[in-house]
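Participant: Handing you a structure now.
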Amino acid sequence: MSVYDQLNSDLKDAMKARDKVRLGVIRGLKSQIMNAEVDNGNQKLTDDQINSVVMKEIKQQKESLAEFQKANRDDLAKDQAAKLKIAEEYAPKQLSEAEVEKVVTDTIDQLHAESMADFGKVMGAIMPKVKGQADGSIINKLVKKQLQS
Numbered sequence: 001m002s003v004y005d006q007l008n009s010d011l012k013d014a015m016k017a018r019d020k021v022r023l024g025v026i027r028g029l030k031s032q033i034m035n036a037e038v039d040n041g042n043q044k045l046t047d048d049q050i051n052s053v054v055m056k057e058i059k060q061q062k063e064s065l066a067e068f069q070k071a072n073r074d075d076l077a078k079d080q081a082a083k084l085k086i087a088e089e090y091a092p093k094q095l096s097e098a099e100v101e102k103v104v105t106d107t108i109d110q111l112h113a114e115s116m117a118d119f120g121k122v123m124g125a126i127m128p129k130v131k132g133q134a135d136g137s138i139i140n141k142l143v144k145k146q147l148q149s
């Protein structure tokens with residue numbers, strides 16, 4: 001079942017269960033997908049494009065959560081954490097840090113990268129391989145670590 005079909009199914013279930021938090025998150029995700037479709041010339045998005053929209057939304061929710069925690073707004077942080085947990089159910093399977101590290105190592109070997117001067121080239125080669133499956137900040141950290149050693 002595609003992510004979009006899953007969202008539609010879960011939307012109906014959330015309405016029946018009167019789960020306002022889940023309903024709000026699902027409606028938000030569907031809204032973001034519809035906006036992306038409009039930006040794409042009213043064409044249906046592929047599963048990869050939908051995954052990108054979901055990951056973008058999750059990233060924004062994580063940033064909001066961090067801001068609430070930084071401002072000591074535990075009430076808002078708790079609500080945001082619940083929303084984030086629901087949104088993450090629709091994210092593509094994430095690679096473990098060990099799997100990402102293997103992709104980084106393999107890519108550095110393939111490109112014969114040796115220093116931080118090759119950072120951009122390595123990142124440009126890795127990102128399409130792990131699109132939507134790994135957080136860019138983790139990849140960034142691992143590439144820097146390996147190129148500096």
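Every letter in the sequence shown is one number past the one before it in the numbering used here, and letter 133, counting from 1, is 133. Don't be surprised by glycine CBs; every beta carbon is placed ideally from N, CA and C. What you are looking at is a predicted structure, and each value in this text was computed from that prediction instead of being measured.
Which of the three DSSP states is assigned to residue 106 in this structure?
Facilitator: Working through the sequence shown from its first residue, we reach residue 106 at position 106. In this structure, residue 106 counts as helix in the three-state DSSP scheme.
Participant: Hey, residue 105 and residue 43 are a contact pair by Cβ (cut 8 angstroms); roughly how many whole angstroms apart?
Facilitator: Residue numbering aside, residue 105 sits at position 105 when the sequence shown is read from its first letter. Residue numbering aside, residue 43 sits at position 43 when the sequence shown is read from its first letter. Contact doesn't hold; Cβ gap of about 38 angstroms is too wide.
Participant: Among 132, 115, 133, 128, which one has its Cα closest to the Cα of residue 143?
Facilitator: Reading the sequence shown from its first residue, position 143 is the one you call residue 143. Residue 115 is the option with its Cα nearest to residue 143.
Participant: Compare the C-alpha of residue 97 against each of 74, 141, 45 and name the closest.
Facilitator: On the sequence shown, residue 97 is found 97 positions in, with the first residue counted as 1. When each option's Cα is compared against that of residue 97, the closest is 141.
Participant: CA-CA distance, residue 129 and residue 103?
Facilitator: As a position in the sequence shown, residue 129 is number 129, starting the count at 1. As a position in the sequence shown, residue 103 is number 103, starting the count at 1. Roughly 8 angstroms between the two C-alpha positions.
Participant: Does DSSP put residue 111 in a helix, a strand or coil?
Facilitator: Mapped onto the sequence shown, residue 111 falls at position 111. Reduced to three states, the DSSP call for residue 111 is helix.
Participant: How is residue 1 classed by DSSP in three states: helix, strand or coil?
Facilitator: Residue 1 sits at position 1 when you count from the first residue of the sequence shown. Residue 1: coil per DSSP, three-state reduction.
Participant: For the region 57–106, which segments carrying the alpha helix (DSSP H) assignment without a break, of at least 4 residues, lie completely within its bounds, in sequence order?
Facilitator: 74–88
Participant: With a cut-off of 8 angstroms, do at least 3 Cβ pairs link the region 117–126 to the region 78–94?
Facilitator: no
Participant: Which of the three DSSP states is assigned to residue 134 in this structure?
Facilitator: Against the sequence shown, residue 134 aligns to sequence position 134. Residue state, collapsed to three classes: coil.
Participant: Counting contacts by CB-CB distance shorter than 7 angstroms, is residue 100 in contact with chain B?
Facilitator: In the structure shown, chain B cannot be found, because there is only a single protein chain.
Participant: Label residue 148 either buried or exposed according to how many other C-beta atoms from any shown protein chain fall within 10 Å of its C-beta, with 16 as the threshold for buried.
Facilitator: Counting from one through the sequence shown, the residue named residue 148 turns up at place 148. Exposed, by the Cβ-count rule.
Participant: Starting from residue 35 and walking both ways along the alpha helix (DSSP H), at which residues does that stretch end?
Facilitator: As a working note, residue 35 is residue 35 in the sequence shown. Residue 35 -> alpha helix (DSSP H) spans 20–39.
Participant: Could you check whether residue 55 and residue 132 sit closer than 7 angstroms to each other, using their CB atoms as the reference points?
Facilitator: Here the question's residue 132 lines up with position 132 in the sequence shown. Here the question's residue 55 lines up with position 55 in the sequence shown. Yes, these two residues count as a Cβ contact at 7 angstroms.
Participant: What does the alpha-carbon distance come out to for the pair residue 53 and residue 21?
Facilitator: The residue you call residue 53 lines up with position 53 of the sequence shown. The residue you call residue 21 lines up with position 21 of the sequence shown. Approximately 20 angstroms, taken between the alpha carbons.
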